[in-house]
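Below is one structure, written out as structure tokens; the observations come after it.
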Amino acid sequence: MKDIISIDLGSNSFRVLKYDGENHKILDEYHQVVGLADGLISTGLISKEAQERVVNALKIASYKLNFNLKDAVCVTTAAMRKAKNAKEVLEYFQKQTGVNFNIINSDEEARLTLLAVKYALKREKIDSKNFILLDIGGGSTELIINKDKEFFSRSFDFGIVTMTQKNSENNSLKNDLDIRKDEVKEFLKSIDFKLQDFSFVATAGTPTTLAAIKLGIDYFNYDRNLVNGTKIYYEDLEKSLSILKTKSIEETTRLVGKGRVEFMEVGTYIYKIFFEVLNKNESIVFDDGLREGVAIDFTLKCKN
Numbered sequence: 001m002k003d004i005i006s007i008d009l010g011s012n013s014f015r016v017l018k019y020d021g022e023n024h025k026i027l028d029e030y031h032q033v034v035g036l037a038d039g040l041i042s043t044g045l046i047s048k049e050a051q052e053r054v055v056n057a058l059k060i061a062s063y064k065l066n067f068n069l070k071d072a073v074c075v076t077t078a079a080m081r082k083a084k085n086a087k088e089v090l091e092y093f094q095k096q097t098g099v100n101f102n103i104i105n106s107d108e109e110a111r112l113t114l115l116a117v118k119y120a121l122k123r124e125k126i127d128s129k130n131f132i133l134l135d136i137g138g139g140s141t142e143l144i145i146n147k148d149k150e151f152f153s154r155s156f157d158f159g160i161v162t163m164t165q166k167n168s169e170n171n172s173l174k175n176d177l178d179i180r181k182d183e184v185k186e187f188l189k190s191i192d193f194k195l196q197d198f199s200f201v202a203t204a205g206t207p208t209t210l211a212a213i214k215l216g217i218d219y220f221n222y223d224r225n226l227v228n229g230t231k232i233y234y235e236d237l238e239k240s241l242s243i244l245k246t247k248s249i250e251e252t253t254r255l256v257g258k259g260r261v262e263f264m265e266v267g268t269y270i271y272k273i274f275f276e277v278l279n280k281n282e283s284i285v286f287d288d289g290l291r292e293g294v295a296i297d298f299t300l301k302c303k304n
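Each residue of the sequence shown is one higher than the last, beginning at 1 in the UniProt record's numbering.
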């Protein structure tokens with residue numbers, strides 16, 4: 001089986017993976033902040049500027065990882081699900097680069113992310129039977145409860161980009177967080193079994209960046225192998241918030257990367273509400289997410 005290229009175009013991040021499906025190994029990767037959802041809350045549209053950033057990122061990734069964009073397995077999520085001009089945008093991407101994106105629904109996003117994290121847990125020799133998975137995205141946030149061979153998921157209509165943009169206009173973050181907290185509680189009421197013995201796992205940019213900050217790693221020295229399996233405790237979130245609020249823009253950019261500075265505080269608050277609602281004090285962080293799930297899923301289908 002030849003190497004697989006999977007691309008995850010999220011609401012803020014563009015992530016590419018070169019994957020050895022035969023041996024289930026990550027060969028190379030590329031990541032860029034593209035801000036796909038910039039302005040989406042106010043206009044309902046993917047802006048022309050964001051489209052150009054994505055086209056540029058696609059071309060750079062193709063060059064750096066040495067692959068043909070037409071051969072990549074590509075998915076896109078919340079921002080494109082919401083955008084009124086999604087069809088035109090995807091046609092533009094195809095015309096400019098030859099890439100074909102598939103807009104996946106929240107259930108498929110949850111399934112693929114869960115698949116990746118299950119493999120990650122097994123790789124790290126951590127029990128993967130019963131756990132809670134949090135995936136904090138730019139435009140939506142997914143909570144997945146894995147119980148043995150079945151799972152229950154809910155996609156919540158808020159993420160680090162959309163919540164930041166919404167509350168920058170009306171300064172009502174605390175009220176918004178309280179409302180979202182109630183939404184999560186309602187979902188958990190529908191789960192008819194106890195979650196106290198389920199481990200709490202988190203993926204995506206906010207948890208991995210907070211794990212890196214805890215480890216003393218800045219954006220330019222980020223290492224997924226060091227981040228994977230790191231435990232974040234509730235008190236770590238308070239420490240991170242203090243750092244984010246007191247450091248200069250230059251220092252924060254070095255820590256979290258360009259294009260993330262304005263979203264990290266809200267992302268940390270979102271992470272906090274899940275700690276509180278789930279009544280957990282620690283969370284295991286993994287870099288593995290949707291792009292890994294897409295590659296693994298493609299591999300399994302080819303083998304069958």
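The beta-carbon is built from N, C-alpha and C at its ideal position, and this holds for glycine as well.
Predicted model only: the values in this text are computed from it and were never measured.
Residues in the same chain with beta-carbon distance under 8 Å from residue 253, minus the five sequence neighbours each way, listed in chain order, please. Correct list, in chain order: 219, 261.
Could you pull the DSSP bridge partners for residue 135 from this structure? Residue 135 pairs with 142, 203.
Could you pull out every residue in the same chain whose Cβ sits closer than 8 Å to the Cβ of residue 45, ignoring the five residues on either side in sequence? So the qualifying residues of the chain are 39, 83, 84, 85.
In angstroms with no decimal places, state the Cα-to-Cα distance between residue 101 and residue 42. Going by the C-alpha atoms only, they are around 24 Å apart.
Return the bridge partner residues of residue 286 from the DSSP annotation. Residue pairing for residue 286: DSSP places it in a beta bridge opposite 203.
Terminal residues of the alpha helix (DSSP H) in which residue 225 lies: 224-227 is the span of the alpha helix (DSSP H), which, as asked, contains residue 225.
Those residues which DSSP pairs with residue 277 across a bridge: Bridge partners of residue 277: none, in fact.
Can the beta-carbon of residue 164 be found less than 8 Å from the beta-carbon of residue 274? No, the Cβ-Cβ distance between residue 164 and residue 274 is not below 8 Å.
Length of the line joining the Cα atoms of residue 226 and residue 293: Within the model, the alpha-carbon separation for residue 226 versus residue 293 is close to 20 Å.
What residue does the beta strand (DSSP E) around residue 219 start on, and which one ends it? Boundaries for residue 219: no beta strand (DSSP E) harbours it, and the DSSP string shows neither H nor E there.
Residue 38 (DSSP reduced to helix, strand or coil): Correct three-state label for residue 38: coil.
Please say whether residue 80 and residue 103 have beta carbons closer to each other than 8 Å? Cβ distance < 8 Å, so residue 103 and residue 80 count as in contact.
Residue from 4, 10, 167, 174 with nearest C-alpha to residue 66: Checked all of 4, 10, 167, 174; the closest Cα to residue 66 is 4.
By how many angstroms is the C-alpha of residue 207 removed from the C-alpha of residue 278? When the Cα atoms are used, residue 278 and residue 207 turn out to be separated by approximately 16 Å.
State yes or no: is the C-beta of residue 126 within less than 8 Å of the C-beta of residue 145? No, these two residues do not count as a Cβ contact at 8 Å.
Who are residue 29's beta bridge partners in DSSP? In the DSSP assignment, residue 29 is bridged to 17.
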